[in-house]
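Here's the structure, in structure tokens; my notes come after.
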Amino acid sequence: MINSKFIFSITILLLAPFIVDNSFAQINSGGFGKSPFERDYSDVKFLDAYFGTINQKIEVEPGDSNVPFTVVLANVGTQDITGIKGQLSLPLGFSGSNGPGSVILADSDSNSLAGDNFHLTFFVNLETNVQVQQYPGTVKVDYSRLRESGVRTSFSEFNFKVTGDSVINVKALDPFLTSLKTNNVIIEISNDGSAPISSVDIVASNTQTEMASTTSSTTNIENVVILESNWDVGTIEPNSSRQLTATVYVPETLKGDTLRIPLSISYYNAHGDSHTIAKIVDFYIKGLIDLTVYGVGVIELSDTQMIIGEIINEGNEDALFSFVSLEPLGESNIKKQTQFIDEIEIDAPVPFNIPLEFEGDPEYGEHEIKITVRYKDNVRDEIFLPYETTIFVEEPSNDEESPDYTGLVLIPIALVAVGYFIMRRRKKEEIADS
Numbered sequence: 001m002i003n004s005k006f007i008f009s010i011t012i013l014l015l016a017p018f019i020v021d022n023s024f025a026q027i028n029s030g031g032f033g034k035s036p037f038e039r040d041y042s043d044v045k046f047l048d049a050y051f052g053t054i055n056q057k058i059e060v061e062p063g064d065s066n067v068p069f070t071v072v073l074a075n076v077g078t079q080d081i082t083g084i085k086g087q088l089s090l091p092l093g094f095s096g097s098n099g100p101g102s103v104i105l106a107d108s109d110s111n112s113l114a115g116d117n118f119h120l121t122f123f124v125n126l127e128t129n130v131q132v133q134q135y136p137g138t139v140k141v142d143y144s145r146l147r148e149s150g151v152r153t154s155f156s157e158f159n160f161k162v163t164g165d166s167v168i169n170v171k172a173l174d175p176f177l178t179s180l181k182t183n184n185v186i187i188e189i190s191n192d193g194s195a196p197i198s199s200v201d202i203v204a205s206n207t208q209t210e211m212a213s214t215t216s217s218t219t220n221i222e223n224v225v226i227l228e229s230n231w232d233v234g235t236i237e238p239n240s241s242r243q244l245t246a247t248v249y250v251p252e253t254l255k256g257d258t259l260r261i262p263l264s265i266s267y268y269n270a271h272g273d274s275h276t277i278a279k280i281v282d283f284y285i286k287g288l289i290d291l292t293v294y295g296v297g298v299i300e301l302s303d304t305q306m307i308i309g310e311i312i313n314e315g316n317e318d319a320l321f322s323f324v325s326l327e328p329l330g331e332s333n334i335k336k337q338t339q340f341i342d343e344i345e346i347d348a349p350v351p352f353n354i355p356l357e358f359e360g361d362p363e364y365g366e367h368e369i370k371i372t373v374r375y376k377d378n379v380r381d382e383i384f385l386p387y388e389t390t391i392f393v394e395e396p397s398n399d400e401e402s403p404d405y406t407g408l409v410l411i412p413i414a415l416v417a418v419g420y421f422i423m424r425r426r427k428k429e430e431i432a433d434s
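In my numbering, the protein residues as written are 1 to 434.
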């Protein structure tokens, strides 16, 4: 009996450690939940993972190949580590630079001192079916402690993002400016990429100091007055655009030249990093054609009534391929006609005279008419200048004994016309000689 009790007591003492050990929840293998790898405590701690190099994050989009992917880690142990090698595990749609199925490997270039950070840069291909979103990944790091034999292994799970790629372009909706006047300019900034840009701020540079720091090709920007030079645009989503408005005055000396306005664009990309890029918007400076119609009236020449008038150009550019059109307004029955008058130069008025004809029986008295001057500028854009007025048409006199003053009227008109054409011919010869 005594022997039985003694044997039972010994048995209980031998089994007690197993009973107590199984009474508490313990982690025997460093378990952190289910994982494709078994992990134990190590000297390596994960810090960050992103597309890019250690010095700069980059934007990527589906279809990019051989893109650097950097994992930043820290040596949190008490000893230096060496022989650092990394292996990257990414989901479907991502592969090593050697192609699908290849192992994604990287080696560190140096040792990592205790308490220092180190990084591993892998090179990855993105398939075209990858989405712009967040993905999970795992990195395996093999290393050795100094003054210790054997290889240790650390596993870290992380999330990374396919950001998309922002592509910034700028253009002028109307690339032509006119000298000697104020121009309302609309500049379009577009994001033609797949990643948004935020906090977009744009500055136009138009001083000698700012110009020297951008580009030497914008040699004429300092002569231009830009009333608005800074725009807070905000966020520009992928495949969308925003418009800027500015008031620009260009002096006469820049006529026929190309104006280049440098823009400094600051923004935050999809990584949240601040960037500044330089863009240039080009404009062509046209001359100013400033026409005025005046002196419209009715005279009688050789028993024919004529509608006459003059056009003056107060700009700095000749109007080309010019026509004058006459058309009735209201109840007027004057016949619509057009007359070619060629160039309208800037140094002298240009006369026009159109025979007065009616649709049906002549009606005398007041007539409302519209004179339209149609011409082209030096970039061959067609422009129309309308001028509305009222003329008075008198009934022709039937008195056969009244003196005929037609010759007296025609002589000064002929002298004026001859003098005008001689002046134009001399000017063209002077221009050709110069």
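We put the beta carbon where it would ideally sit given N, CA and C, even for glycine.
Sequence-distant residues of the same chain with beta carbon closer than 8 Å to residue i, five excluded per side
{"i": "L254", "result": "S179, N220, N223, V224, I285"}
{"i": "G295", "result": "I308, G309, E310"}
{"i": "T53", "result": "P68, T70, T121"}
{"i": "Y375", "result": "I289, L291, A319, L320, F321, S322, F323, I344, E382, I383, L385"}
{"i": "T182", "result": "T247, V248, Y249"}
Extent of the continuous beta strand (DSSP E) run through residue i
{"i": "E392", "result": "Before going on, a small fix: residue 392 reads as Phe here, not Glu. Where F392 is concerned, the enclosing beta strand (DSSP E) stretches over 382-393."}
{"i": "I334", "result": "Looking at the DSSP string, I334 is not in any beta strand (DSSP E), and its letter there is neither H nor E."}
{"i": "L73", "result": "67-75"}
{"i": "S198", "result": "197-204"}
{"i": "T178", "result": "176-178"}
{"i": "I289", "result": "I289 -> no beta strand (DSSP E), and no H or E assigned at all."}
{"i": "K45", "result": "44-51"}
{"i": "S486", "result": "Residue 486 lies beyond the stretch modelled for the chain, which goes from 1 to 434, so this question has no answer here."}
{"i": "D107", "result": "104-107"}
{"i": "E157", "result": "152-161"}
{"i": "S95", "result": "94-96"}
Classification of residue i by the beta-carbon crowding that lies within 10 angstroms, buried from 16 upward
{"i": "S213", "result": "At S213 the pLDDT is 48, less than 50, meaning the model places this residue with poor confidence and gives no usable figure here."}
{"i": "M423", "result": "exposed"}
{"i": "P396", "result": "exposed"}
{"i": "N251", "result": "One point to set straight first is that residue 251 is Pro, not Asn, in the sequence displayed. Exposed, since its Cβ has fewer than 16 Cβ neighbours within 10 Å."}
{"i": "T304", "result": "exposed"}
{"i": "K57", "result": "buried"}
{"i": "L177", "result": "buried"}
{"i": "T163", "result": "buried"}
{"i": "L227", "result": "exposed"}
{"i": "G193", "result": "buried"}
{"i": "I299", "result": "exposed"}
{"i": "N129", "result": "exposed"}
{"i": "A204", "result": "buried"}
For residue i, the three-state DSSP class (helix, strand or coil)
{"i": "L227", "result": "coil"}
{"i": "I221", "result": "helix"}
{"i": "E359", "result": "coil"}
{"i": "L326", "result": "strand"}
{"i": "T128", "result": "coil"}
{"i": "T253", "result": "helix"}
{"i": "L173", "result": "coil"}
{"i": "K279", "result": "strand"}
{"i": "Y294", "result": "strand"}
{"i": "I346", "result": "coil"}
{"i": "D116", "result": "coil"}
{"i": "S194", "result": "coil"}
{"i": "T209", "result": "For T209, the pLDDT reaches just 43, beneath the cut-off of 50, and the residue's location in the model is therefore unreliable, leaving the point undetermined."}
{"i": "S264", "result": "strand"}
{"i": "G365", "result": "strand"}
{"i": "S89", "result": "strand"}
{"i": "N183", "result": "strand"}
Spatial neighbours of residue i in its chain, beta-carbon cut-off 6 Å, leaving aside the 5 residues before and after
{"i": "E368", "result": "L329, G330, S332, T390"}
{"i": "I186", "result": "L173, Q243, T245"}
{"i": "N159", "result": "Q134, P136"}
{"i": "D290", "result": "E314, G315"}
{"i": "S266", "result": "D201, T276"}
{"i": "E357", "result": "K335"}
{"i": "F122", "result": "F69, L88, I104, A106"}
{"i": "A74", "result": "K45, L47, N117"}
{"i": "I280", "result": "R260, P262"}
{"i": "I354", "result": "I307, L326, Q337, Q339"}
{"i": "G96", "result": "S102, I104"}
{"i": "K85", "result": "D107, D142"}
In DSSP terms, what residue i is bridged to
{"i": "H271", "result": "Answer by DSSP bridge pairing: none, since H271 is not bridged."}
{"i": "M423", "result": "According to DSSP, M423 bridges with nothing at all."}
{"i": "G315", "result": "Paired residues: none, contrary to the question."}
{"i": "Q243", "result": "E188"}
{"i": "L320", "result": "K376"}
{"i": "T82", "result": "S144"}
{"i": "K57", "result": "G52"}
{"i": "T121", "result": "T70"}
{"i": "G309", "result": "F352"}
{"i": "D165", "result": "In DSSP, D165 forms no bridge with anything."}
{"i": "T258", "result": "Y284"}
Residue i Cβ short of 6 Å to the ligand PLP heavy atom set
{"i": "Y268", "result": "In the structure on display, the ligand PLP does not appear, and there are no ligands present to speak of."}
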